[in-house]
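For reference, the structure is listed below as structure tokens.
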Amino acid sequence: MGAGTTAGATSRLAVVPLLLLPLLLARGAEAVSLWRPPPEAGLLGSAPGRFLTQEEHWMSQTLDHFSPTDHRQFKQRYYEFLDYHRAPNGPVFLNICGEASCTGISNNYLAVMAKKFGAALVSPEHRYYGKSSPFEDLTTENLRFLSSKQALSDLAVFRQYYQETLNAKYNRSGVDNSWFVFGGSYSGALSAWFRLKFPHLTCGSLASSGVVLAVYNFTDFDKQIGESAGPECKEALQEVTRLVDGQLQSGHNLVKELFGAKLLENDGDFLYLLADAAAIAFQYGNPDVLCSPLVEAKKNGTDLVEAFAHYVNDYYVGTFRASVASYDQNYLKNTTPAESSYRLWWYQVCSEVAYFQVAPKNDSVRSAKIDTRYHLDLCKNVFGEGVYPDVSMTNLYYGGTRIAGSKIVFANGSQDPWRHASKQKSSEELPSYLIECSNCGHCTDISGCPQAPSNIGGDSSKCSSPEAVNKVRKQIVDHIDLWLSECQDQGRDTVTKQGSRWSIATY
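Read left to right, the sequence shown gives residues -31 to -1, 1 to 476 (mature numbering (1 follows the signal peptide of the UniProt record, and there is no 0)).
And the structure:
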């Protein structure tokens, strides 16, 4: 592919004629705190059975969907798995890759559902992440095309491209398979937003832990950590925070060495590492790995900070494979694509949806030093002046928790702190199907337990409430079945009385 330039920066774009058909694109101007996805391919390697496929495919994608004069394109990576497909007319399940490198199609519960419905599985990589970077230098200027709006239009173009690819494969033209869209966490929000903005391109959507509400000061995140922890564990975590804050205040930076974080010169970066490490245990439904040793240490009168450090080093950094360096703001300034996944996500945080996980004024688990000013200073330090998350515009554009899209399943775990940014109430005017999984974490319905390391088929047997997970999955399967059948019988743009029903189910 030839090289071009953008604003004087080296680019991996090609100036070529548009090969894809025009789309009805959403209107609007360009307008999350960082959550950590569980480690997948890049960290867990190609362990047998963890992926259905890791064979790469490529397509030419439009750089700027909202400019009538900018015809530059970049190469977007995607994956396909056709072993379960009831060709040629079986459905297509579009699994949206989110804010990380996409290295294959995971063998999780989505794979189980694809086999049940005879579906093809396809998964495009999010623009800028992994190998789908338009630029060789990810400066702030070059990141201006990184947004959820551009990503949604990527999905629409990909959907059209892949449908034409299927038609060519089966020597036919003008045929549409039934498409269903899936995503979890940020990609869960994309799944819901795709159904909202392009209802004619999909029969329905699953938004697993879909964070559709942009939040400036996301204090509910920390409050949920305390609630999910329970009184004893919460008290232990708060004591750890007080002790660490005290040591930092006294200038005793040896505490950073205890956590293997001496390189984090900024105290806020270090405290953010500790806050994320604690949150992960509840976010991904594995609280005992954190709470049991802390509560035991408190009862025995042993060193709480050392107990927490052991958890961070052994589980968060060891099993979960979190990168301590990624919390360093100097690291976030790295503009090399191969080293920039966290920079990319922080750009989306700082420019569009915020999710600033600030400490509540009272009774917080995390340090009070993790406040709004810390986040704003980080955004300015890493990206420069003028990068600011206009959450009001983001919520106006998509609807926030009042999203008006139909035929969307929102599935959330009761222990997941991100549920407060998802849709939790429904009405006849704003129809969605909502499911709450009791004692479940983030994206448990798709990933199962544990999520680090990932398990085959999204196994739920090791979840805190496997029966609840299985009931939630049955509801999801029932709605996919219903909406696919309606799509086939009546067309994608028809919403029947039954198909637009609203409900809330808790298991």
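Where is the CB? At the ideal position from N, CA and C, for every residue including glycine.
For the putative contact between residue 164 and residue 173, defined by C-beta atoms under 8 Å, what is the C-beta separation to the nearest angstrom?
What you label residue 164 is simply residue 195 of the sequence shown in a count that begins at 1. What you label residue 173 is simply residue 204 of the sequence shown in a count that begins at 1. With a Cβ gap of about 7 Å, residue 164 and residue 173 count as contacting.
Indicate the three-state DSSP secondary structure (helix, strand or coil) for residue 271 in the structure shown.
Within the sequence shown, the letter at position 302 stands for residue 271. Of the three classes helix, strand and coil, the one that applies to residue 271 here is coil, per DSSP.
Suppose you measure from the CA of residue 300 to the CA of residue 294; what does that come to, to the nearest Å?
On the sequence shown, position 331 is the one that residue 300 refers to. On the sequence shown, position 325 is the one that residue 294 refers to. C-alpha separation (whole angstroms): 7 Å.
Per DSSP, residue 44 is paired with what?
As a first step, residue 44 must be located in the sequence shown, where it is residue number 75. Answer is 29.
Please report the distance separating the alpha-carbon of residue 234 from that of residue 214.
Your numbering for residue 234 matches position 265 in the sequence shown. Your numbering for residue 214 matches position 245 in the sequence shown. In a straight line, the C-alpha of residue 234 is about 14 Å away from that of residue 214.
DSSP on residue 352, reduced to helix/strand/coil?
Position 383 of the sequence shown, counted from the first residue, corresponds to residue 352. Helix, per DSSP.
Is it the case that the segment 284 to 294 contacts the segment 317 to 329, given that we only count it when at least three CB pairs across the two stretches are under 8 Å?
no
Under DSSP, the alpha helix (DSSP H) around residue 200 begins and ends at which residues?
Counted from its first residue, the sequence shown places residue 200 at position 231. Looking at the DSSP string, the run of the alpha helix (DSSP H) that includes residue 200 is 188 to 218.
Could you check the C-alpha separation between residue 495 and residue 258 for me, to the nearest Å?
Past the boundaries of the shown model lies residue 495; the chain is included only from -31 to 476, so the question cannot be answered.
So what does residue 37 bridge to, in DSSP terms?
Looking up residue 37 in the sequence shown gives position 68. Answer is none; residue 37 lacks a bridge partner.
Under 7 Å Cβ to Cβ from residue 192, same chain only, skipping five residues before and after it: list those, please.
The residue given as residue 192 occupies position 223 in the sequence shown. Cβ neighbours of residue 192 beyond the five flanking positions: 329.
Report the CB separation of residue 379 from residue 396 in whole angstroms; it is logged as a contact under 8 Å.
In the sequence shown, residue 379 corresponds to position 410, counting from 1. In the sequence shown, residue 396 corresponds to position 427, counting from 1. Actually they do not touch by this definition, with Cβ atoms about 13 Å apart.
Taking only three categories from DSSP, how would you classify residue 114?
The residue given as residue 114 occupies position 145 in the sequence shown. Three-state result, residue 114: helix.
For residue 86, name the three-state secondary structure that DSSP assigns.
Reading the sequence shown from its first residue, position 117 is the one you call residue 86. In this structure, residue 86 counts as helix in the three-state DSSP scheme.
What is the DSSP secondary structure of residue 175, counted as helix, strand or coil?
One-based indexing of the sequence shown puts residue 175 at position 206. DSSP places residue 175 in strand when its eight states are reduced to three.
In the DSSP assignment, the alpha helix (DSSP H) including residue 402 goes from what residue to what residue?
The count along the sequence shown starts at 1 and reaches residue 402 at position 433. Residue 402 -> not in any alpha helix (DSSP H); beta strand (DSSP E) instead, spanning 402 to 406.
Inside the segment 317 to 387 only - beta strand (DSSP E) runs reaching at least 3 residues
323 to 325 and 377 to 382
Using three-state DSSP, classify residue 63 as helix, strand or coil.
For the purposes of this step, residue 63 is taken as the residue at position 94 of the sequence shown. Of the three classes helix, strand and coil, the one that applies to residue 63 here is strand, per DSSP.
For residue 21, three-class secondary structure by DSSP
By one-based count along the sequence shown, residue 21 stands at place 52. In this structure, residue 21 counts as strand in the three-state DSSP scheme.
Rounded distance between the beta-carbons of residue 360 and residue 185, thought under 8 Å
As a working note, residue 185 is residue 216 in the sequence shown. As a working note, residue 360 is residue 391 in the sequence shown. Indeed, because the Cβ distance is near 5 Å, the residues count as touching under 8 Å.
Starting from the Cα of residue 454, find the closest Cα among 67, 430 and 59 and give me that residue.
Sequence index remark: in the sequence shown, residue 454 carries index 485 (1-based). Cα-wise, what sits closest to residue 454 is 59.
Tell me whether residue 49 sits in a helix, a strand or coil according to DSSP, three-state version.
In the sequence shown, counting from the first residue as 1, residue 49 sits at position 80. Three-state result, residue 49: strand.
Might you give, ordered along the chain, the residues of its own chain that have their beta carbon closer than 7 Å to the beta carbon of residue 340, omitting 5 neighbours on each side?
To locate residue 340, count along the sequence shown from 1; it is residue 371. The residues are 327 and 328.
Among 262, 210, 227 and 266, the one whose alpha carbon lies nearest that of residue 241:
Here residue 241 refers to the residue found at position 272 of the sequence shown. Taking only the C-alpha atoms, the option nearest residue 241 is 210.
Inspect the CB distances between the segment 220 to 234 and the segment 347 to 364 and report whether three or more fall short of 8 Å.
no
Of the residues 99, 130, 423 and 125, which one's Cα is nearest the Cα of residue 142?
Indexing the sequence shown from 1 puts residue 142 at position 173. Out of 99, 130, 423 and 125, 130 has the C-alpha closest to the C-alpha of residue 142.
Beta carbon of residue 262, beta carbon of residue 276: below 7 Å?
Counted from its first residue, the sequence shown places residue 262 at position 293. Counted from its first residue, the sequence shown places residue 276 at position 307. In this structure, residue 276 lies closer than 7 Å to residue 262 by Cβ.
List, from N- to C-terminal side, the beta strand (DSSP E) runs of 3 residues or more that fit wholly inside the segment 109 to 164.
148 to 153
Distance, Cα to Cα, residue 105 vs residue 404?
As a first step, residue 105 is located in the sequence shown; it is residue number 136 there, counting from the start. As a first step, residue 404 is located in the sequence shown; it is residue number 435 there, counting from the start. Using only the alpha carbons, I get a separation of about 42 Å.
Among all the DSSP beta bridges, which residues are the ones paired with residue 74?
Along the sequence shown, read from residue 1 onward, the residue named residue 74 stands at position 105. Paired residues: 22.
For residue 484, count neighbouring Cβ atoms within 10 angstroms of its own Cβ and tell me buried if that reaches 16, exposed if not.
A query on residue 484 cannot be resolved here, the shown segment of the chain reaching from -31 to 476 and no further.
Hey, quick one: how far does the alpha helix (DSSP H) through residue 224 stretch, first residue to last?
For the purposes of this step, residue 224 is identified with residue 255 of the sequence shown, where counting begins at 1. Element bounds for residue 224: 223 to 227.
Given that a residue counts as buried once 16 or more other Cβ atoms are within 10 Å of its Cβ, and exposed if not, what is residue 27?
Here residue 27 refers to the residue found at position 58 when the sequence shown is read from its first residue. Per the 10 Å Cβ criterion, exposed.
So, is residue 64 buried or exposed, given that buried needs 16 or more other C-beta atoms within 10 angstroms?
Counting from 1 along the sequence shown, the entry for residue 64 is found at position 95. Looking at its Cβ environment, which holds 16 or more other Cβ atoms inside 10 Å, residue 64 is buried.
Separation of residue 70 from residue 170, as counted between CA atoms:
Indexing the sequence shown from 1 puts residue 170 at position 201. Indexing the sequence shown from 1 puts residue 70 at position 101. Rounded to whole angstroms, residue 170 to residue 70 spans 25 Å at the Cα level.
Closest to residue 84 by C-alpha separation, out of 456, 21 and 67, would be which residue?
Position 115 of the sequence shown, counted from the first residue, corresponds to residue 84. Of the listed residues, the one whose Cα sits closest to residue 84 is 21.
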